[in-house]
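**Q** One structure is given below, represented as structure tokens, and several questions about it will come after.
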Amino acid sequence: MKVASCKKTGSFPWFGMDIGGTLVKLVYFEPRDITAEEEQEEVENLKSIRRYLTSNTAYGTTGIRDVHLELRDLTLCGRTGNLHFIRFPTHDLPTFLQMGSSKHFSSLHTSLCATGGGAYKFEDDFRTTADLELHKLDELDCLIRGVLYIDAVVSRGPSECYYFENPAEPDRCVQRPYALENPYPLLLVNIGSGVSILAVYSENNYKRVTGTSLGGGTFLGLCCLLTGCSTFEEALEMASQGESTRVDKLVRDIYGGDYERFGLPGWAVASSFGNMMSKDKRESVSKQDLARATLVTITNNIGSITRMCALNENIERVVFVGNFLRVNTLSMKLLAYAMDYWSKGQLKALFLRHEGYFGAVGALLELLHPS
Amino acid sequence: MGRKHLFVCGVRVDKEDEMTCLIKGCNFVLRNIPHEAFVYAKHADSEFRFQTTQPDIFPYLLVNIGSGVSIVKVESEDKFERIGGSSIGGGTFWGLGALLTKTKRFDELLQLASKGQHTSVDMLVKDIYGGSYGSLGLTGDLIASSFGKSATADKEFSKEDMAKSLLHMISNDIGQLACLYAKLHQLSRVYFGGFFIRGHPVTMHTITYSINFFTKGEVQALFLRHEGYLGAIGAFLKGAEEDNPNQYSWGENYAGSSGLLSISPEMNPMQRARSGTFDMLEMDRLERQLVNLHLLQDPSSYIPDTVDLTEDAPAREYWLDCFEEALDGVVKRAVASQPDMAESVERAEKFRHKYRHKLQTLRHQPFAYGSLTVRSLLDTREHCLNEFNFPDPYSKIKQKENDSALKYYQKAVRSLEELSWEQRQFALVRGVLAGNVFDWGAKAVSDVLDSDPEFGFEEAKRQLEERPWLVDSYDQWLQRLKGRPHKCALFFVDNSGVDIILGVMPFVRELLSRGTEVVLASNSGPALNDVTNGELQILTERIAAMDPVIQAGLKDDRLTLIQSGSSSPCLDLSRLDKVLAMVVRERHTDLVIIEGMGRAIHTNYYATLSCESLKMAVIKNSWLADRLGGKLFSVVFKYEVPARGAHANAV
């Protein structure tokens with residue numbers, strides 16, 4: 173990837189923020205090539221920020237640094253360092269702002285590049301609480317930029333882009349790397365609280381094809397209501413132990429087998445939660461079953477819509493990103509399988525390791541290489 | 255009239271053939287029932303906008319929302335394919351709804367949903383952006399994530415709010431998928447059916463909204479009035495001997511059908527009073543097939559009715575009142591027509607009760623039977639009379655009138671012959687108009703009819719409105735008559751007695767004398783005192799016996815009598831007897847004459863034909879006269895010539 177001319181040198185810290193509906197994603201560039209001279213001049217609060225972020229993997233009660241995603245020895249704008257990936261619930265943004273205020277972040281006179289809806293929604297809060305001016309960026313621009321950058325830059329370690337081989341067979345299912353060179357045209361499906369589907373024709377040419385409101389937020393929200401769980405991890409844990417076929421009505425439940433005439437296999441879901449129309453069945457399923465059914469329903473629906481979009485737009489490659497897929501191998505495999513099966517092998521489902529962080533990466537890039 | 259077939263909603267069919275039956279049924283209703291499909295517009299003046307039957311219904315997309323969703327592309331009578339579907343359907347709404355709200359019944363869930371506020375449960379664009387996402391045109395109120403607030407909220411949600419959220423979630427999802435399929439297959443007609451939709455304004459609204467959103471208004475969601483019967487009808491067609499339903503034409507029987515009712519009890523107090531849960535559809539299979547008149551300028555946009563009472567509230571109120579007030583007279587007439595028959599009084603009372611009930615229904619639910627028009631009110635009355643064995647209450651009166659009028663026929667013709675050509679043309683027209691005044695349907699005239707018809711007819715001619723008439727193109731007609739005679743005239747006649755014998759026949763006679771062939775189209779079945787084809791055959795024979803011109807016309811086959819296919823006082827030119835339509839075409843008909851208020855004013859007033867036409871009537875209703883800018887007994891004489899370029903008889 174060609175290196176655009178750097179407008180920015182010095183003036184740390186370098187952050188990129190993506191304030192979504194449910195999660196705030198933060199990428200932080202930790203410079204590792206600080207000269208002795210620089211260190212001398214370094215302001216105290218900047219140092220403390222660096223130390224705070226890099227010596228912890230958890231912040232407060234809900235902040236997490238995804239260490240396994242850290243990109244080491246990265247060169248950005250002539251500087252070498254590590255790129256860190258941090259997230260916390262949007263719900264806790266006030267706490268973050270308080271911290272920013274107490275650490276006198278604003279005195280560092282740095283721009284804070286932020287994208288996502290929250291960049292607009294919380295603009296005033298940033299100003300009043302932390303005396304910070306946000307440089308607002310379009311989330312889809314940042315998303316695309318971030319995806320293309322990370323894929324190009326990851327040269328060591330596991331490949332950024334991968335797919336699943338034999339997704340339907342648990343013993344034979346493996347992750348395989350995929351080289352995303354000549355990626356266009358590409359269908360990019362971003363599954364966050366909601367879902368956005370983008371058709372990308374080149375680095376600067378893309379359009380939002382459609383979206384759906386049945387996304388990660390729906391999965392989590394419904395799970396919480398149905399099972400009483402309160403976190404994404406809990407919901408996933410439950411789902412992994414449940415049996416969705418107790419909750420859903422399958423084709424074979426209606427037809428006694430396959431509905432051959434229309435090519436519907438007996439195991440396909442005819443009606444999600446269809447068994448729950450019956451009181452007896454409602455009382456016989458477990459919370460785990462419900463969680464699983466919710467996951468399967470939302471995931472398959474996204475798969476369906478994605479497939480139709482791919483057909484309408486004439487695109488064969490689909491990349492799924494977004495934090496719904498974080499630690500959610502279940503959904504990833506389901507998507508991989510569904511794409512392959514219903515398209516009779518025409519569509520390929522691809523995944524990226526940095527899942528939900530691309531928006532934040534894009535924001536960081538805008539800071540360093542303003543477009 | 256035809257064999258009757260009764261369909262009951264809720265009949266189960268063998269699963270394997272379910273899809274076939276559904277599609278067969280769907281094709282059937284789209285073809286045969288006028289105003290079958292409709293668009294639902296919650297906030298418009300008239301909630302239901304009915305679509306006219308298209309000559310070509312294919313291709314279309316049928317989205318059947320049952321427990322799951324099936325999306326079927328229908329390309330022809332025999333070619334259809336399930337192109338996709340979704341597992342998120344009515345079962346999901348019901349199942350998830352039951353789990354979340356502990357509400358067992360589907361209808362109750364919808365009730366809850368109709369009262370809920372989804373914004374407390376869903377994460378909207380503005381919840382994420384603080385406003386709208388301008389660059390993408392996503393307004394702040396759009397749902398970004400269904401149930402997106404349920405994870406983080408500390409409070410409990412109300413059942414109503416959750417139900418509403420669920421409804422939106424599912425409707426939007428189905429709508430989106432339907433649009434994606436429609437786009438892929440380039441289909442612009444999308445019909446929705448299934449228990450999720452059936453008679454539920456709430457779901458019709460959300461689906462309509464969804465389709466409108468995802469196609470940016472390009473595609474409209476369409477619903478079917480008889481959606482619940484598709485499977486049953488299809489099964490019947492499949493099982494019956496006549497596997498080709500296209501052989502026959504069918505009509506909806508308004509007496510036997512229970513109509514489209516909205517479910518919410520607040521809106522419809524009558525719903526609660528109704529016993530039983532079966533909805534009914536009664537169809538009359540007609541012995542002869544019905545088709546379009548080929549002379550219609552644009553068959554696909556032809557709407558017979560002049561006024562749509564579902565949209566015009568003041569008109570609706572007037573006509574419903576009018577029909578209710580006339581009920582006494584109709585009942586009396588019915589009883590009087592069968593003085594020796596058993597229980598005629600009881601039956602007449604049952605008729606009164608039933609028809610009144612229909613009128614009440616229509617007051618609260620104008621859309622119950624599709625578009626509400628004067629035609630449909632008249633037809634419903636006829637169906638109800640038939641149901642209680644009063645197929646022809648005016649039978650005896652018609653006979654009596656015919657006998658009286660026949661006595662005067664020759665004298666009338668002789669006096670016409672004594673006039674000059676130009677005077678005669680005017681006299682003939684006034685004759686038809688004056689004759690048309692003689693109509694038992696109009697109270698204003700009934701007194702005169704009991705006295706001497708000769709006197710009555712002369713008096714009527716004298717009393718006829720002076721020119722210029724309310725609609726007056728007589729001069730153009732006269733000018734036309736000075737030119738080449740028409741090749742063949744199609745004449746839709748109206749009343750028995752003075753009208754047909756002293757008004758129409760002399761007019762017909764003149765046409766025959768000029769060398770114009772005449773096709774007289776009269777009702778297949780009785781309605782009010784309109785002359786039926788059977789009666790006209792007899793009448794014409796009797797006239798031929800006294801009139802050599804008519805005699806010769808019959809003998810040389812230049813005067814033909816054919817049934818119109820209708821048993822209504824009104825006229826729907828898109829549903830005419832096939833034989834009539836064929837003969838009209840074969841004879842290169844270049845003039846269509848429509849007589850009477852029912853056929854030329856209540857219907858077809860604005861109909862455009864591709865050949866010359868003459869619409870003649872005397873307005874016998876003061877409200878209608880006033881509406882049209884005239885007064886009681888105003889004359890409408892509308893002679894129209896097609897626009898240049900419109901080519902008649904493009905056979």
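Order-wise, the sequence lines are chains S and U. Numbers in our numbering are just positions in the first sequence, counted from 1, shifted up by 172. Numbers in our numbering are just positions in the second sequence, counted from 1, shifted up by 254. A virtual CB, placed ideally from N, CA and C, is assigned to each residue, including glycine.
1. Tell me, to the nearest whole angstrom, how far the beta carbon of U/SER425 is from that of U/SER464; I am working on the premise that it is less than 8 Å.
2. So, with DSSP's three-state summary, where would you put U/LYS697?
3. Give the DSSP-derived three-state secondary structure of S/PRO349 in the structure shown.
4. Is the shortest distance between the beta-carbon of U/PHE467 and the beta-carbons of chain S less than 7 Å?
5. State yes or no: is the C-beta of U/GLY779 within less than 7 Å of the C-beta of U/SER821?
6. Tell whether a beta-carbon distance below 7 Å holds between U/PRO920 and U/ARG768.
7. Helix, strand or coil: which one does DSSP assign to U/GLY530?
8. Helix, strand or coil for U/VAL265, going by three-state DSSP, please let me know.
9. How many Å lie between S/GLY549 and S/GLN212 at the Cα?
10. Go ahead and pull the three-state DSSP assignment for S/VAL319.
11. At least one CB of chain S closer than 7 Å to the CB of U/SER368: is that the case?
12. Would you say S/MET396 reaches chain U, if we count a Cβ-Cβ gap shorter than 7 Å as a contact?
13. Decide if U/GLY695 is buried, meaning its Cβ has at least 16 other Cβ atoms within 10 Å, or exposed.
14. Please go through the stretch 422-477 of chain U and give each complete alpha helix (DSSP H) segment of 4 or more residues, from N-terminal end onward.
15. DSSP state of U/LYS612, grouped into three classes?
16. In terms of residues, what are the limits of the alpha helix (DSSP H) holding S/HIS256?
17. Could you tell me if U/ALA681 is buried or exposed, where buried requires 16 or more neighbouring beta carbons within 10 angstroms of its beta carbon?
18. Against chain U, does S/SER443 count as a neighbour if the rule is that its beta carbon must be under 7 Å from one of theirs?
19. Below 8 Å on the Cβ atoms is my contact criterion, and I expect U/PHE468 with U/CYS433 to pass it. Report the Cβ-Cβ distance as a whole number of Å.
20. Verify the CB distance criterion: does S/TYR373 have a CB-CB separation below 7 Å to chain U?
21. Using a cut-off of 8 Å between C-beta atoms, extract the partners of U/GLN653 located in chain S.
22. Examine chain S for any beta-carbon lying closer than 7 Å to the beta-carbon of U/ALA383, and answer yes or no.
23. Is the beta carbon of S/ALA442 sitting closer than 7 Å to the one on S/VAL423?
24. Please return the same chain residues whose Cβ sits closer than 6 Å to the Cβ of S/TYR200, not counting the five positions on each side in sequence.
25. Could you tell me the alpha carbon to alpha carbon distance between U/LEU626 and U/ARG542, rounded to whole angstroms?
26. So is U/THR346 in contact with chain S if we call contact Cβ pairs under 7 Å?
27. Chain U partners of S/MET189, CB-CB under 8 Å?
28. Is U/SER404 near S/GLY429, with beta carbons less than 7 Å apart?
29. Between which two residues does the alpha helix (DSSP H) harbouring U/ILE651 extend?
30. In chain S, which residues lie with their C-beta within 8 Å of the C-beta of U/TYR387?
31. Can you tell me whether S/TRP439 is buried or exposed, with buried defined as 16 or more other CB within 10 angstroms of its CB?
32. Would you report the Cα separation of S/VAL419 and S/ASP425, rounded to the nearest angstrom?
33. Expressed to the nearest angstrom, what Euclidean distance is found between the alpha-carbon atoms of S/PHE294 and U/ARG303?
34. Select from S/ARG244, S/MET504, S/GLU527 and S/ASP205 the residue whose C-alpha is nearest the C-alpha of S/SER327.
35. What whole-angstrom Cβ distance do S/ILE487 and S/ALA371 have, given they're in contact under 8 Å?
36. Tell me the DSSP secondary structure of U/ILE397 in three-state form.
**A** Reading from the atomic positions:
1. 5 Å
2. Since pLDDT at U/LYS697 reaches only 47, below the 50 mark, its modelled position is unreliable, and no value is offered.
3. strand
4. no
5. yes
6. What the structure shows of chain U is the stretch from 255 to 905, and residue 920 of chain U is not part of that stretch, so it cannot be assessed.
7. In this prediction, U/GLY530 has a pLDDT of 31, which is less than 50 and means its spatial position is unreliable; what the coordinates show is noted afterwards. Note: U/GLY530 maps to coil in three-state DSSP.
8. Bear in mind that a pLDDT of 49 at U/VAL265, under 50, signals an unreliable position, so the number given afterwards is only what the model happens to contain. Reduced to three states, the DSSP call for U/VAL265 is coil.
9. Nothing can be reported for residue 549 of chain S, as the shown portion of chain S is limited to 173 through 543.
10. helix
11. no
12. Looking at the sequence provided, one finds Cys at residue 396 of chain S rather than Met. Taking Cβ atoms only, chain U reaches closer than 7 Å to S/CYS396, which makes this a yes.
13. Low confidence applies here, because U/GLY695 scores a pLDDT of 48, under 50, leaving its location unreliable; read the following figure in that light. With 16 or more other Cβ atoms within 10 Å, it is buried.
14. 455-468
15. helix
16. Note, S/HIS256: premise wrong, no alpha helix (DSSP H); beta strand (DSSP E) at 251-261.
17. buried
18. yes
19. 4 Å
20. no
21. Within 8 Å Cβ-Cβ: nothing; U/GLN653 doesn't reach chain S, min ~59 Å.
22. Looking at the sequence shown, residue 383 of chain U is not Ala but Tyr. Chain S contact via Cβ: present.
23. yes
24. PHE187, LEU225 and HIS256
25. 26 Å
26. yes
27. Result: empty, since nearest Cβ-Cβ is about 14 Å, beyond 8 Å.
28. no
29. 649-671
30. GLY289
31. exposed
32. 12 Å
33. 45 Å
34. S/ARG244
35. 6 Å
36. strand
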